[in-house]
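Here the structure comes first, spelled out in structure tokens, and everything after it is commentary.
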Amino acid sequence: MKPSPNSSLDALRRELHALPELSGAEAGTAACLREVLLPCEPVRLLDGLAGHGLAAVFEAADETAGLTVALRAELDALPIQEISNHPHASRREGVGHLCGHDGHMTALVGVAMARRERPLKRGRLVLLFQPAEETGLGARGVCEDPRWVDLSVDHCYAIHNLPGYPLGQVLVRNGVFTAGSVGLIIRLQGRTAHAAYPEQGLSPGLAMSRLVPGLVSLPAHLEVEERLCLVTVVHARLGDVAFGTSPGQAEIMCTLRADSETGLSDLRRAATELARAEADRDGLTCELEWVEEFPVTENDDLAVAVTERAAQRVNLTVDEPRESPFRWSEDFGWLTRETCGALVGLGSGVDQPVLHAPDFDYPDVLTPLAVNLYEGILAELGLVPPP
Ligand SMILES: [Zn+2]
Ligand SMILES: [Zn+2]
320 MKPSPNSSLD ALRRELHALP ELSGAEAGTA ACLREVLLPC EPVRLLDGLA
370 GHGLAAVFEA ADETAGLTVA LRAELDALPI QEISNHPHAS RREGVGHLCG
420 HDGHMTALVG VAMARRERPL KRGRLVLLFQ PAEETGLGAR GVCEDPRWVD
470 LSVDHCYAIH NLPGYPLGQV LVRNGVFTAG SVGLIIRLQG RTAHAAYPEQ
520 GLSPGLAMSR LVPGLVSLPA HLEVEERLCL VTVVHARLGD VAFGTSPGQA
570 EIMCTLRADS ETGLSDLRRA ATELARAEAD RDGLTCELEW VEEFPVTEND
620 DLAVAVTERA AQRVNLTVDE PRESPFRWSE DFGWLTRETC GALVGLGSGV
670 DQPVLHAPDF DYPDVLTPLA VNLYEGILAE LGLVPPP
């Protein structure tokens, strides 16, 4: 994967698409980006952020005047087999760029390339290529890196393509943009026995059969009226495939989702209490593990206003998303917790397959629009002249 620095952005996007890498394993993607970013002459290129993350830093001659603005793209692909016939389809079995992160990276490279023609007149620009978005670990890890903290970013923005909306339509909203979510693994431990004498063991089967609907109906018992509050059971397993054995263990996995941090912590508490109560009822031991934690992504009013003005500047229409907030999660919320920022939707076409669909392919026509929107944001914040 070695596109020359002069190859077009579309060619870069297709190279990235053809060689997708999973969360935490984006070494090749990072190496490719490094090669295209270095000729853009950032003053610094930080690497190894939260794994394979990169940050290209550009500064005006007097960087002390003006804001430090971060723009973010994601490096990772998904553990889903791509189904498509185009020449740049994934060459890696079972892994696909089906969320458009290949396009998001390409747009940021476009912003880096634009610095040759339009160097910063004030402030500092940080282009963050963040790893492991899909597992919720990347942005959090970046925020914990002292080199990131030292940059003391004033504003941060990330564009995510949104299928189902007109191509190039900008979608923003003040406040909560995407829900918070967390994965829960419940492990129930009893005792195995011969299937002919189940009474000599302790099967977690009944507790499991109560827990699956119990977890799903938890939101109905919390006072959340019309707020987003949802439990989805994603996996359950009882014992092993062994017809001579009465099972001794069970595992239930579910995802908890809410549109506020308090809603999410109420749901966590309720799920914990339910799991413990059902395990106790049958004398089972119960172990809980929390995974893939995504905070609520909350947009700052100021960053939304900047985005709206930037969109007008570059002739893109702005609308509010139909879903309020989006039920899916984004780990960009770790960044907006600390910094004034906005996660911005950019319509990728009404007929575009949904995110994570096996036939999803980021439309290349979106790249120049995303680059323009980012340039508009930088102009609004005084870093570059108006595009
Ligand atoms: Zn995704
Ligand atoms: Zn995504």
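Sequential numbering of the sequence shown, starting at 320, is according to my numbering. We put the beta carbon where it would ideally sit given N, CA and C, even for glycine.
Extent of the continuous beta strand (DSSP E) run through residue i
{"i": "E378", "result": "372–378"}
{"i": "D670", "result": "Premise fails: D670 is in no beta strand (DSSP E) and is neither H nor E."}
{"i": "E570", "result": "568–577"}
{"i": "H474", "result": "474–481"}
{"i": "C462", "result": "No beta strand (DSSP E) holds C462; the alpha helix (DSSP H) holding it covers 457–463."}
{"i": "E393", "result": "387–393"}
{"i": "R443", "result": "443–449"}
{"i": "C359", "result": "Unbroken run through C359: none, as it is neither H nor E."}
Beta-carbon gap between residue i and residue j smaller than 8 Å
{"i": "L341", "j": "D395", "result": "yes"}
{"i": "V445", "j": "A526", "result": "no"}
{"i": "G499", "j": "L607", "result": "no"}
{"i": "A374", "j": "L456", "result": "no"}
Through-space distance from residue j to residue i, alpha-carbon basis
{"i": "T551", "j": "T591", "result": "15 Å"}
{"i": "N325", "j": "R641", "result": "Confidence is the limiting factor: at N325 the pLDDT is only 37, short of 50, which leaves the residue's position unreliable, though a coordinate-based value still follows. So the alpha carbons of these two residues sit roughly 39 Å apart."}
{"i": "V293", "j": "R576", "result": "In this structure the chain extends from 320 to 706, so residue 293 is not present and cannot be described."}
{"i": "E694", "j": "V703", "result": "8 Å"}
{"i": "H336", "j": "E463", "result": "29 Å"}
{"i": "R437", "j": "V553", "result": "48 Å"}
Extent of the continuous alpha helix (DSSP H) to which residue i belongs
{"i": "L697", "result": "685–699"}
{"i": "W609", "result": "Premise fails: W609 lies in the beta strand (DSSP E), 604–613, not in any alpha helix (DSSP H)."}
{"i": "D620", "result": "620–632"}
{"i": "E587", "result": "The residue you asked about is not Glu; residue 587 is Arg in the sequence shown. From DSSP, the alpha helix (DSSP H) with R587 extends over 580–600."}
{"i": "H540", "result": "537–540"}
With 16 other Cβ atoms within 10 Å as the buried cut-off, status of residue i
{"i": "Y516", "result": "exposed"}
{"i": "D620", "result": "exposed"}
{"i": "D578", "result": "buried"}
{"i": "N404", "result": "exposed"}
{"i": "V362", "result": "exposed"}
{"i": "S323", "result": "Residue placement at S323 is poorly supported in this model, since its pLDDT is 39, which falls under 50; the coordinates still yield a value, given next. By the neighbour-count rule (16 or more Cβ atoms within 10 Å), S323 is not buried but exposed."}
{"i": "W609", "result": "exposed"}
{"i": "F613", "result": "buried"}
{"i": "D680", "result": "buried"}
{"i": "Q263", "result": "Given a span of 320 to 706 for the chain in the structure shown, any question on residue 263 remains unanswerable."}
{"i": "R332", "result": "buried"}
{"i": "H420", "result": "buried"}
heavy atom of ligand 2 below 7 Å from residue i C-beta
{"i": "H554", "result": "no"}
{"i": "E617", "result": "no"}
{"i": "H479", "result": "yes"}
{"i": "E393", "result": "yes"}
Contact test: residue i Cβ vs ligand 1 heavy atom, cutoff 7 Å
{"i": "L674", "result": "yes"}
{"i": "E453", "result": "yes"}
{"i": "C418", "result": "yes"}
Interface flag, residue i vs chain B, CB-CB below 8 Å
{"i": "D670", "result": "No chain B is part of this structure, which consists of one protein chain only."}
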